[in-house]
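Position 86, counted from 1, in the sequence shown is what the UniProt record's numbering calls 86; the numbers after and before it change by one each time, with no gaps. Virtual Cβ for every residue (Gly too), placed ideally from N, Cα, C.
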Amino acid sequence: MSKLHVQLTGLCTPGSFLQSGTFGTALAPTSTEGDLFAPSRCDTSDGFTYVTSDEASACILASSLAMSPDGAAAFCFNLGAHLFVARTKEKLQLLPHDNGYIVGLSDVAVEGTFVWQDNGEQITDVYKLQFFNPAEPNNSGVGEDCVVVTNVTTMLSGNDIPCNFVYWMVACERPVYG
Ligand SMILES: [Ca+2]
Ligand SMILES: [Ca+2]
Numbered sequence: 001m002s003k004l005h006v007q008l009t010g011l012c013t014p015g016s017f018l019q020s021g022t023f024g025t026a027l028a029p030t031s032t033e034g035d036l037f038a039p040s041r042c043d044t045s046d047g048f049t050y051v052t053s054d055e056a057s058a059c060i061l062a063s064s065l066a067m068s069p070d071g072a073a074a075f076c077f078n079l080g081a082h083l084f085v086a087r088t089k090e091k092l093q094l095l096p097h098d099n100g101y102i103v104g105l106s107d108v109a110v111e112g113t114f115v116w117q118d119n120g121e122q123i124t125d126v127y128k129l130q131f132f133n134p135a136e137p138n139n140s141g142v143g144e145d146c147v148v149v150t151n152v153t154t155m156l157s158g159n160d161i162p163c164n165f166v167y168w169m170v171a172c173e174r175p176v177y178g
């Protein structure tokens with residue numbers, strides 16, 4: 001529930017018509033109406049930030065610490081989060097484009113079957129083609145069962161990588177409220 005602080009009266013009134021997530025600039029209060037206090041869309045402790053675009057939003061921690069995918073999953077879990085999951089291209093592009101980020105997609109259970117780490121759901125065939133770089137996933141070398149996304153021609157896209165190789169950054173995700 002948002003609250004409207006009216007400077008004239010010094011009182012706060014519940015802004016039921018200004019519910020978080022539903023108001024746009026047209027519904028925001030004017031300066032004479034008061035200051036809007038809306039609840040945060042995400043738990044921003046530990047460095048998480050609410051990131052949004054026209055098509056997607058997420059509560060993200062994009063860490064600059066290099067980790068293995070296995071270590072990254074534990075790191076997120078210890079923050080009450082999970083590795084970042086993006087079932088749409090639009091959500092995937094919310095991550096910073098400056099680095100390679102480990103995300104919550106893996107085929108560790110069944111080789112070649114990639115599942116999202118938040119609920120075990122398999123990636124769709126259509127989205128798998130859009131998500132991965134061309135020629136990926138290739139399960140290269142001794143095997144690659146974890147996934148990193150990197151910036152390729154201005155778009156983030158996926159590559160399967162070894163789960164125990166410390167090199168890439170970690171992207172954690174918490175729920176978005178409202
Ligand atoms: Ca694999
Ligand atoms: Ca690969």
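Where residue i falls, given that 16 or more other Cβ within 10 Å makes a residue buried
i, result
"S53", "exposed"
"residue 215", "Summary: the structure shown does not reach residue 215, with the chain confined to residues 1 through 178, and so no result is reported for it."
"D160", "buried"
"V147", "buried"
"G21", "A caution first: G21 carries a pLDDT of 42, below 50, which makes its placement in the model unreliable, though a value can still be read off. Exposed, because fewer than 16 other Cβ atoms sit within 10 Å of the Cβ of G21."
"Y101", "buried"
"D46", "exposed"
Cα-Cα separation, residue i to residue j
i, j, result
"R41", "V51", "10 Å"
"W116", "A56", "18 Å"
"E173", "C12", "32 Å"
"V142", "P162", "8 Å"
"E90", "L8", "42 Å"
"D107", "F165", "16 Å"
"L129", "P96", "22 Å"
"L105", "G71", "14 Å"
"L149", "N78", "Going by the sequence as given, residue 149 is Val instead of Leu. So the alpha carbons of these two residues sit roughly 22 Å apart."
Proximity test, residue i beta-carbon vs ligand 1 heavy atom, cut-off 7 Å
i, result
"G143", "yes"
"C46", "The question names Cys, but residue 46 is Asp in the sequence shown. False, no ligand heavy atom lies under 7 Å from that Cβ."
"D70", "no"
"D125", "no"
"E55", "no"
"E90", "no"
"E173", "no"
Residue i beta carbon near ligand 2 (any heavy atom closer than 7 Å)
i, result
"P137", "yes"
"I161", "yes"
"S140", "yes"
As an exercise, report each continuous alpha helix (DSSP H) stretch of at least 4 residues that is fully enclosed by the UniProt domain "C-type lectin" (55-164), in chain order.
Runs of the alpha helix (DSSP H) inside the UniProt domain "C-type lectin" (55-164): 69-77, 89-92 and 125-131.
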